[in-house]
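*Asks:*
Residue numbers (my numbering), protein chains in the order written: chain B, 8 to 392; chain S, 11 to 98; chain G, 0 to 370.
1. Let me make sure I understand the geometry here. Which of B:328, B:318 and B:55 has the alpha-carbon closest to that of residue 212 of chain B?
2. Compare the C-beta of residue 160 of chain B with all C-beta atoms of chain S and state if any pair is closer than 8 Å.
3. Is the CB of residue 20 of chain B under 8 Å away from at least one CB in chain S?
4. How big is the Cα-Cα spacing for residue 229 of chain B and residue 9 of chain B?
5. Along chain S, in chain order, which residues have C-beta atoms closer than 9 Å to that of residue 94 of chain G?
6. Under 8 Å between C-beta atoms, does residue 78 of chain G make it to chain S?
7. Can you tell me the Cα-Cα spacing of residue 189 of chain B and residue 337 of chain B, whole angstroms?
8. If the cut is a Cβ gap below 9 Å, which residues of chain S does residue 71 of chain G touch?
9. What are the boundary residues of the beta strand (DSSP E) that residue 393 of chain B is part of?
10. Could you work out which residues of chain G lie near residue 51 of chain S, taking near to mean beta carbons separated by less than 9 Å?
11. Skipping 5 residues on each side, what residues in its chain have a beta carbon closer than 7 Å to that of residue 140 of chain G?
12. Would you call the stretch 32-44 of chain S in contact with the stretch 197-214 of chain B, where contact means no fewer than 3 C-beta pairs closer than 8 Å?
13. How would you call residue 239 of chain B, buried or exposed, if buried means at least 16 neighbouring beta carbons within 10 angstroms?
14. Comparing C-alpha positions only, which one of G:249, G:245, G:246 and G:277 sits nearest to residue 258 of chain G?
15. Within its chain, find whatever has a CB closer than 8 Å to the CB of residue 285 of chain G; leave out the 5 residues flanking it on each side and keep chain order.
16. Mind pulling the chain S residues with CB within less than 7 Å of residue 243 of chain B?
17. Would a check of beta-carbon distances place residue 54 of chain S closer than 8 Å to chain B?
18. In chain G, which residues lie with their C-beta within 9 Å of the C-beta of residue 85 of chain S?
19. Which residues in chain S have a C-beta closer than 7 Å to the C-beta of residue 164 of chain B? List them in chain order.
20. So, with DSSP's three-state summary, where would you put residue 52 of chain S?
21. Taking the beta strand (DSSP E) that residue 69 of chain S belongs to, which residues open and close that run?
22. Count the other CB atoms, across all protein chains shown, that sit within 10 Å of the CB of residue 94 of chain S; report buried if there are 16 or more and exposed otherwise.
23. Give me the chain B residues within the contact set of residue 35 of chain S, using Cβ-Cβ distance strictly less than 9 Å, ordered along the chain.
24. Would you kindly check if the distance between the Cβ of residue 131 of chain G and the Cβ of residue 77 of chain G is under 8 Å?
25. Chain S beta carbons: is any one of them nearer than 8 Å to that of residue 306 of chain G?
26. Going by Cα to Cα distance, which pick from G:136, G:70 and G:9 is closest to residue 82 of chain G?
27. Using 8 Å as the threshold, is the C-beta distance between residue 210 of chain G and residue 255 of chain G below it?
28. Given a limit of 9 Å on CB to CB distance, which residues of the stretch 29-44 of chain B reach chain S?
29. In chain S, which residues lie less than 9 Å from residue 169 of chain B when you measure between Cβ atoms?
30. Strictly under 8 Å for the Cβ-Cβ distance: is residue 84 of chain G near chain S by that measure?
31. Could I get the ranges of all uninterrupted alpha helix (DSSP H) runs contained in the stretch 285-347 of chain B, with 4 residues as the minimum, in chain order?
32. How many angstroms separate the CA atom of residue 219 of chain G from the CA atom of residue 163 of chain G?
33. Quick one: residues in its chain with C-beta nearer than 8 Å to the C-beta of residue 321 of chain B, no 5 flanking neighbours on either side, listed in chain order?
34. Report the neighbours of residue 137 of chain B on chain S: residues whose CB is nearer than 9 Å to its CB, in chain order.
35. Taking contact to mean 3 or more Cβ pairs, one atom from each stretch, closer than 8 Å, check whether the stretch 13-26 of chain G and the stretch 77-86 of chain S are in contact.
36. Which chain S residues sit within Cβ distance under 7 Å of residue 239 of chain B?
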């Protein structure tokens with residue numbers, strides 16, 4: 008791919024840096040970078056990456072522009088009030104640099120869509136203001152093998168670090184837990200408007216360095232910034248061998264939201280019962296990574312009405328005596344109508360020494376609501392109580 | 011045996027707003043005990059009853075992460091208490 | 000003294016103050032903005048004193064104390080914490096994630112309080128909440144890990160700590176998906192007290208524990224009478240019997256008898272109020288059919304009446320958590336509840352008519368009255 012003369016003229020000043028050159032600019036042009044959050048951090052990141060000529064720039068944000076955003080979210084202007092941020096951002100960035108492609112993702116990242124949204128991009132930049140999204144994105148990047156430039160701000164302070172797959176710690180290595188993310192956000196604690204400008208520019212710098220292969224990224228380093236003292240500090244970080252997502256034996260193999268995760272983690276800490284939401288079970292079945300066996304503990308006549316493909320039927324009352332039918336190499340996932348009997352089945356499995364039995368929380372009723380509305384639960388002509 | 015402890019902003023209500031305090035101790039454990047004597051209650055906000063550093067908190071001695079409370083602290087070192095930030 | 004309605008939310012503590020005629024309510028707060036407030040409780044022995052169970056996102060759970068009716072607060076010097084586990088018992092290395100429940104101790108033991116935590120633990124203070132110690136009889140009970148094995152997706156909560164007004168050594172408590180437990184020796188020994196309670200999710204219907212009590216209450220004027228709002232119905236127990244009777248079967252079938260809170264009349268042990276929520280197969284836990292209503296019994300659970308005047312008649316999906324409903328001691332018994340949507344509703348006449356007295360608060364966890 009070669010640069011047009013218009014492009015060469017636009018990027019002349021950075022092309023003239025020997026470290027970038029035409030080759031570096033070509034790399035920027037063929038790069039696809041996703042910016043998560045078009046807010047305080049996302050604004051400067053997106054502006055600078057668009058200006059630098061990143062060929063495809065994705066913006067993820069489900070919010071609308073509010074008046075209290077404008078002191079720091081410099082991607083927007085007063086005329087943008089009320090508009091979807093992703094859309095307003097796309098317009099602004101396209102007008103800054105019509106040579107690039109800007110893709111607006113006006114959605115909220117969830118476990119159900121994070122893989123699909125992140126997959127087409129080469130580098131992910133995280134500017135979200137939610138701890139749970141931060142962990143979701145981190146986990147997705149580790150699992151998908153994507154570099155991630157992460158930053159966070161609060162009042163007059165900021166932090167930044169870069170994750171490169173296989174080359175250093177991820178966000179979870181630094182802060183392993185995602186429990187109950189009520190760390191005050193800018194909306195509650197306040198933030199100096201220009202603060203994210205500094206951190207966002209650092210993130211954009213990191214993304215450009217990753218794309219062009221120039222310089223040393225912040226891998227294995229946590230950069231902190233204190234605006235009041237006007238001081239940067241740097242801390243060494245190492246990858247944790249026991250990191251739940253990037254460690255030697257990861258327990259997180261699917262990117263999940265914090266709420267879904269904590270149920271499982273709490274259960275694991277309390278004796279090894281894994282509670283799976285319908286979305287999680289669907290993901291595991293579709294992913295075919297885990298060797299699973301689905302055990303439906305309903306009565307045979309309920310099972311006869313409708314079952315998940317591949318499920319075997321062992322009614323709860325018979326389970327204790329038939330547990331040895333479950334091969335120990337497979338993870339049993341117990342299923343019933345509402346999630347109560349399947350939880351009891353887990354209790355029985357644990358007592359029999361089966362490690363980490365799983366169950367479908369909310370049961371097939373939840374599956375029918377969230378995954379497959381056509382799933383048959385009741386006999387035709389009338390519902391069971 | 012004096013080191014400096016930099017206090018994460020959410021904890022500054024214990025130190026009357028001070029972002030940096032002097033402390034004594036040869037290990038992190040001793041430094042935290044000293045802080046607790048001066049600013050009662052601050053330790054439990056960082057370390058739980060099983061002596062684990064709380065989630066979302068990290069302690070660094072100079073620039074190196076300290077994962078155990080037995081980590082050594084030398085005179086002139088700076089101990090940093092870092093909280094996870096989440097704003098964007 | 001008009002009293003104060005304290006509202007604990009996910010983002011701080013608020014207070015509602017009635018005017019002289021209890022028509023208008025003035026909202027003050029928030030105090031501790033950004034903190035999660037699970038419970039705010041007045042000391043009935045010392046009305047100026049209150050305790051607040053709180054947690055900031057990542058700084059650990061704690062208890063705040065006030066000696067001036069909630070104007071100012073100080074943190075407990077030694078918040079509830081499990082004992083340090085010995086090297087050989089890693090499974091017992093528990094750390095308090097939240098202080099969830101507060102109960103003032105017996106009238107003859109001024110300054111005594113109990114607290115319930117998540118993970119399920121019981122703690123006691125003897126100095127008005129300044130220093131807390133684990134109650135070893137419960138926390139180190141060999142059965143505790145089994146009693147608290149499951150819990151909810153938010154963790155196993157220990158709640159509804161009750162002190163028999165006749166005897167400081169007679170205690171009850173409840174654990175979500177664990178059951179009701181009783182001690183007659185001040186907490187040194189505990190036994191399950193779940194006979195008669197349904198637990199459809201347990202393999203063995205006669206299991207001694209594993210049940211899911213949502214809220215347990217004891218009547219101060221008739222302490223041999225207990226009521227329980229359970230995941231599987233509303234129950235009543237008249238001691239010394241050990242078997243609960245399901246009084247929720249008298250509720251209309253379409254409504255059912257599943258909810259979180261149960262509130263007793265201050266002086267009449269036969270009168271109680273519940274707020275049923277849909278306990279259907281996926282447990283949405285909101286007002287049934289989008290029509291919020293409070294149900295009241297005046298005959299110990301034999302019959303129930305629907306009270307919904309003033310509440311929205313349709314498309315109103317309320318969730319009211321177990322600590323978010325209470326009664327006051329006014330002559331006509333004021334009733335109050337707070338929703339997870341941030342609204343506070345009040346009735347000045349025992350539930351006959353309701354009005355919304357505060358809106359747009361953060362998710363409400365606790366609504367309690369301080370006289």
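Heads up, the beta-carbon is just placed ideally off N, CA and C, and yes, glycines get one too.
*Replies:* Short version:
1. B:55
2. yes
3. no
4. 37 Å
5. 58, 59, 60, 62 and 64
6. yes
7. Unreliable placement is indicated for residue 189 of chain B, whose pLDDT of 39 sits below 50; no coordinate value is reported for it.
8. What residue 71 of chain G touches in chain S: nothing, since even the nearest Cβ is about 14 Å away.
9. In the structure as shown, chain B starts at 8 and stops at 392, and residue 393 of chain B therefore has no counterpart that could be examined.
10. 61, 74, 75, 76, 77 and 78
11. 189
12. no
13. exposed
14. G:277
15. 276, 277, 316, 317 and 318
16. 73, 74 and 75
17. no
18. Neighbours of residue 85 of chain S on chain G: none; closest Cβ ~29 Å, over 9 Å.
19. 19 and 95
20. helix
21. 67-71
22. buried
23. What residue 35 of chain S touches in chain B: nothing, since even the nearest Cβ is about 20 Å away.
24. yes
25. no
26. G:136
27. no
28. 43 and 44
29. Ordered by position in chain S, no residue passes the 9 Å Cβ test against residue 169 of chain B, which lies about 16 Å from the chain.
30. yes
31. 285-294, 307-312 and 323-329
32. 8 Å
33. 302, 303, 304, 329 and 332
34. 96 and 98
35. no
36. Correct list: empty, because the minimum Cβ distance to chain S is about 12 Å.
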